[in-house]
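One structure is given here, and the rest of the page talks about it.
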Amino acid sequence: MNILTISDLHGRTVWKKVNTDAYDLVIFLGDYTDSHVFDDETIYANLKTIIQRKREQPDKFILLIGNHDAQYLHYPHYRCSGFRQWAQPALGALFDEYKTLFQIAHQQGNFLFTHAGVTNNWLIHFLAETGYNVSQLVPKVNLAGLLNEAHQQPGSVRNSLFEIGPMRGGADAFGGPVWADRSETSTDFLTDFQQIVGHTPVSDFTTTGNEMGSITYTDVLQTKTAFYEVIIPD
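Take the sequence shown: its position 68, counting from 1, is numbered 972 in the numbering used here, and each next residue is one higher.
This is the structure we're talking about:
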């Protein structure tokens, strides 16, 4: 399977130049909103186009949730920097209308895709706090499915996905899969999983770990136009 990942657009439309027909799966890693460059109309139109692609080919396009998106999708919760209060009514309505098209994670075999990454410490904490079975740590189990199920639950279960650790200015012990800082994920990434994330700007695609477990950072659009590809043997 040939997979293309598109990370942290923040309104950028450069992804439209990619021939998505050349890939079996296209995964947007979140952060479609908020920008230091693009206006509200550009951000809204770009997100609407991405949603339309998902509606046309729901099995081919995967739309993950970033920390900048959560504050519109779940307004007034999960606020972060860059929030545009004046744009919230339009963006919030768009997210709400198509909220079933967005998810926290996607998994192909032992490849796990989230916005920011999953650490051992956060996952153990998450399982203990939510009461999910610790056997979910076994890689053959669909961890992404567990995270997506948690996103559908009210209150503290869903809130745990959006926890913010001290390195990102939060009061939680660990950052969750939407907010984890690179300082957390690079030293505490899951074994048995190959994680692909955005969230933390890097100048080049950067992988930490090995075939036993790794995490790859793909948010390079601040310095160049490039999208990370993953090939998973059939």
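Yeah, the Cβ is synthetic: ideal placement off N, Cα and C, and Gly gets one too. The model shown is predicted, which means the values in this text are computed figures rather than measured ones.
Taking the alpha-carbon positions, what's the R957 to K921 distance? 14 Å
Where does F1006 sit, in a helix, a strand or coil, going by DSSP? strand
Would you give the residue range spanned by the beta strand (DSSP E) that P993 belongs to? It is not in any beta strand (DSSP E) - P993 instead sits in the alpha helix (DSSP H) that spans 992–1001.
Given a cut-off of 8 Å, decide if D928 and G1102 are closer than it, judged by their beta-carbon atoms. no
Looking only at C-alpha atoms, which of F932, I907, N906 sits nearest to V918? F932
Which whole-angstrom value describes the C-beta separation of F1093 and S1064, a residue pair presumed to lie in contact below a C-beta threshold of 8 Å? About 19 Å separates the two Cβ atoms, so there is no contact after all.
Identify, in the order they occur along the chain, each residue of the same chain with its Cβ nearer than 7 Å to the Cβ of S939, setting aside the five sequence neighbours on each side. H914, G915, I947
Could you give the first and the last residue of the continuous beta strand (DSSP E) run that contains N1014? Note, N1014: premise wrong, no beta strand (DSSP E); not H, not E.
Nearest neighbour of Q1056, chosen from T1122, M1071, L977 [CA to CA]: L977
Count the other C-beta atoms from every protein chain shown that fall within 10 angstroms of the C-beta of P1081, then say buried if there are 16 or more, exposed otherwise. buried
Over what stretch of residues does the alpha helix (DSSP H) that includes H1029 continue unbroken? 1024–1034
For I947, list the residues DSSP reports as bridge partners. In DSSP, I947 forms no bridge with anything.
Give the secondary structure of E1133 by DSSP, where H, G and I count as helix, E and B as strand, and everything else as coil. strand
For T909, name the three-state secondary structure that DSSP assigns. strand
Going by C-alpha distance, which of A1084, L1047, F1066 is nearest R1072? A1084
Report the option in W990, I1068, I955, N923 whose CA atom is closest to the CA atom of L998. I955
For I907 versus Q1011, is the C-beta distance shorter than 8 Å? no
For A1009, count the other beta carbons within 10 Å of its own beta carbon; 16 or more makes it buried, fewer makes it exposed. Which is it? buried
From V1045 to S1060, what distance separates their C-alpha atoms? 23 Å
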